[in-house]
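Protein chains in written order, with my numbering: chain C, 1 to 752; chain A, 1001 to 1232. Notes follow the structure.
In structure tokens, the structure reads:
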């Protein structure tokens, strides 16, 4: 095979040698195609697998860990929550609407493939700046050669608009509510937006399905949409850096059809109830190739199919094209021999294709025929478990900006003005412009929708509810990948706890640059280490996820950005908590202590134009104690609201508690203890493990906090239309809620 | 007890929600009707739920009107049977000619998902019997095409015949352009047939039928429909 062909397939010469060794001969072009997609970074996790193995994946509630289409965790009453997060970064840059839409479609399919009904979607989105404002520019980005000017802002706005419309366009039509997530703006995401979608579903534990081709002689069905030439080599595209001309890769992005997916969902859930189906897997990245080889590999069997029987949208498609197509809304399922008619009857009811295209065989090979002519014959294992595994060289991540002492920055003249500027920063500002485009109430389960720390959805037929949050912090990750990853885990768990939920499982989406660069690989290794340590300490298993590498454009990598999705359980749905203050006169209390943590903070970026210093040091013990205290208070129904103090610090958190939903809300007079820190640090420090709660029973909250060893101070009371913040009794901020609200709504204004 | 049919078109996605409210919140008998069926016998009322029937491809509701069930729904309505269309169900009833007007894209040209306030304009319809004219109900909307349109002359006629059932208002019931979020002509959120037994509205009463979801106002519409049936 010549080098040009190998390059086109994203295969290295040594990888080709390995293919020949597995095959015992030279592969033909179709076979080479199968290897190229299955051995792509996207499908094989070849750079990350050895490190991912170190993550904690077990726990008393875990029903399904990594390795299947999604993870599953027991929630009692014979039910399990099925969830996973996945990236669609590369396609969303090339074609924002369809890239994001098919990202949502793909993750939804992963959930209902398990037999679960999807009940909620969340998204973590990261874009380059959408305004030309100086707030988005920092010395540290400029030093890395990442500039943000008007031209990028226009382009980023177009990407943002397309991605948001695509997520809404798919999720709304499909009928699964988009209930939460995050939207972050940093110059490093210029040309490399991050679109991470998480889906959550509910299933009867005994009704969980797996992607296994069980039982030699059973029938392999192709169901759903027809196969076209779209998305061929999508997985390979997603495993390379971007450079000039990346937009020309548009044909590798698929086109989504949410209607087809909705009908497919209903038909699949109906057919899974019959007992005729033994295994099912969706066709996502690497399409038919991935589903056939993985289903065989998991069950220790093989699959033979004839691609002549695959429903096609176009004529003259070769075996190569059919096997590598990433057309959307398709599933592969294995049904018991003799029960084919039951399967076909249900798909027929829904006007969908269900074509028997092959059978399960015993000899662990994937054989592809075209009208009876053998086109490919490959050992399953070579495509899946025996894919290359790299222990890529890595170096300890070094970052001069992180070593800088940022403790001496000059405090701004007016802390009230600084607070307004931070509230107006697009990352902090109200995201209603985004989530108003998402149907967040369909399925009538949404108890707490977008805009709070975590979304809360009830589980019908039980008293329970789930709190869900997705979080990450790229700046922290860039300054210290290991600490940044720990902080991301803690932030997601803390948000779930703020809603009254006990974290029971997590999924991760690791967005990094090119792993062939030792410094990027070092970031990945350290981040995985951090996630592992935090998850172990907090008792939250990782049940699956996704790795997105090569997030670079013109050689400049994004911030190492691990995004963590956490699911929490509320035994009593009526105990769900929101961010906003509820009643005048309620006592406002701070759980946790404030330290000198402005490294990597929003304050340092927006007010001082720097991304530098060390991110906060997380104490996993303090974090754990905070959860215990919070959950005891929540379960005793003592709290009227809860909001964690993180991005933007206490001042931003107090203002956000005051805004009721998207309205101006109520302020208050609050006195913060300085603990020897300067007022600007007290207001904007991002020390983790802190929570602001409002209550009418402050003494009981104090008592519970004390019992768990969590510092607790009464800051003041809710009321009035001003926010006054004192530090050690001295007024440092005194602003109308109206002014703060205007600043907070500035993103919506800028985009409308 | 009323027996209420909830029609499932391919792409309906509020069918389960509507069924849930009829059965578990209002305590009535609920029955799913597959769009290929055309037997509505034994039903006291029919609801066309929200969603994206046939993906709303071509035009909202344009393909669903050809489903076999729609002939039966027209027949049911002709005999005076109460029919409620919610969101996409409303659009389908418009396409089928059972309700007046057409839907344009929202004036923002964006999908809108948010709570709105609607004022009850008539209490002599199948879905508002027993409500007070002028009272304001809060419930969510979630649509991209809810901008009600009719030529001015037809709007005048619609008004004069008392077929405007709900209007978008502020929380106090006042007309306000900002409250008319999708830009509907004369802030119309819901209308009825000349016989007042077919009612359509864009907001989702079934999503506001339990207090824990933020509002239980929508339950009053669902109960009005049931009341109509039980008293009929």
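Idealized CB from N, CA, C, for every residue including glycine.
The beta carbon of residue 98 of chain C lies closer than 8 Å to those of 91, 166, 253, 254, 255 and 256 in the same chain, with the five residues before and after it left out. Between residue 63 of chain C and residue 72 of chain C, the gap from beta carbon to beta carbon is short of 8 Å.
From the beta-carbon of residue 173 of chain C, the residues of chain A found nearer than 9 Å are 1011, 1013, 1051, 1052, 1055 and 1056.
Counting C-beta pairs with one atom in each stretch, the segment 307–323 of chain C and the segment 208–221 of chain C have fewer than three that are closer than 8 Å, which means they do not touch. A straight-line Cα-Cα distance of about 55 Å links residue 679 of chain C and residue 283 of chain C. Taken through DSSP and simplified to helix, strand or coil, residue 1100 of chain A comes out as coil. In summary, no residue of the segment 405–434 of chain C has a CB separated from any CB of chain A by less than 7 Å. Inter-residue distance for residue 123 of chain C and residue 101 of chain C is about 12 Å (C-alpha atoms, whole angstroms).
Listed in chain order, the beta strand (DSSP E) elements of length 3 or more contained wholly in the segment 558–601 of chain C are 561–570 and 587–591.
Looking only at C:605, C:572, C:578 and C:619, the smallest Cα-Cα distance to residue 595 of chain C is reached by C:619.
The beta carbon of residue 1017 of chain A falls within 8 Å of a beta carbon belonging to chain C, placing the residue at that interface. The beta carbon of residue 377 of chain C is closer than 7 Å to those of 365 and 367 in its chain, skipping five residues each way along the sequence. In this structure, residue 1191 of chain A places its C-beta atom within 8 Å of the C-beta atom of residue 1100 of chain A.
In chain order, 105, 109, 224, 225, 256, 257, 260, 261 and 264 place their CB closer than 8 Å to the CB of residue 329 of chain C, counting only its own chain and leaving out the 5 sequence neighbours on each side. Between the alpha carbons of residue 626 of chain C and residue 76 of chain C lies a gap of roughly 25 Å. Nearest Cα to residue 389 of chain C within the set C:732, C:9 and C:48: C:48.
Between residue 1142 of chain A and chain C, the shortest Cβ-Cβ separation is below 8 Å.
Counting along the chain, residue 98 of chain C sits inside the alpha helix (DSSP H) bounded by residues 96–112. The beta-carbon of residue 350 of chain C is placed less than 8 Å from the nearest beta-carbon of chain A.
The beta carbon of residue 1051 of chain A sits closer than 6 Å to the beta carbons of 1011, 1012, 1013, 1014 and 1088 from its chain, once the five residues preceding and following it are set aside; these are given in chain order. Around the CB of residue 74 of chain C, 16 or more other CB atoms lie within 10 Å, so the residue is classed as buried.
Pairwise C-beta distances place the segment 491–510 of chain C in contact with the segment 642–654 of chain C, as three or more of them are shorter than 8 Å.
Taking 7 Å as the Cβ-Cβ cut-off, the segment 660–676 of chain C has no residue approaching chain A. At a Cβ-Cβ threshold of 8 Å, residue 439 of chain C and residue 1142 of chain A count as neighbours.
With 16 or more other Cβ atoms from the protein chains shown falling within 10 Å of its own Cβ, residue 292 of chain C counts as buried. Here residue 498 of chain C carries a helix assignment [DSSP, helix/strand/coil].
In the three-state scheme derived from DSSP, where H, G and I count as helix and E and B as strand, residue 151 of chain C is classed as helix.
Under the Cβ distance rule, residue 1212 of chain A counts among the residues neighbouring chain C, one pair being separated by less than 8 Å. Between the C-alpha atoms of residue 230 of chain C and residue 176 of chain C there is a straight-line separation of about 25 Å. The DSSP-derived three-state label of residue 92 of chain C is helix. Ranked by Cα distance from residue 466 of chain C, the options C:698, C:480, C:576 and C:515 are led by C:576. The C-beta separation of residue 179 of chain C from residue 455 of chain C comes to about 4 Å, placing the pair in contact by the 8 Å criterion.
Residue 563 of chain C and residue 511 of chain C do touch by the CB rule: their CB atoms are close to 7 Å apart, below 8 Å.
Within the segment 514–528 of chain C, no residue has a Cβ lying closer than 9 Å to any Cβ of chain A. Membership of residue 196 of chain C in the beta strand (DSSP E) is indicated by the continuous run 194–204. Counting the other Cβ atoms within 10 Å of the Cβ of residue 1160 of chain A gives fewer than 16, which makes it exposed.
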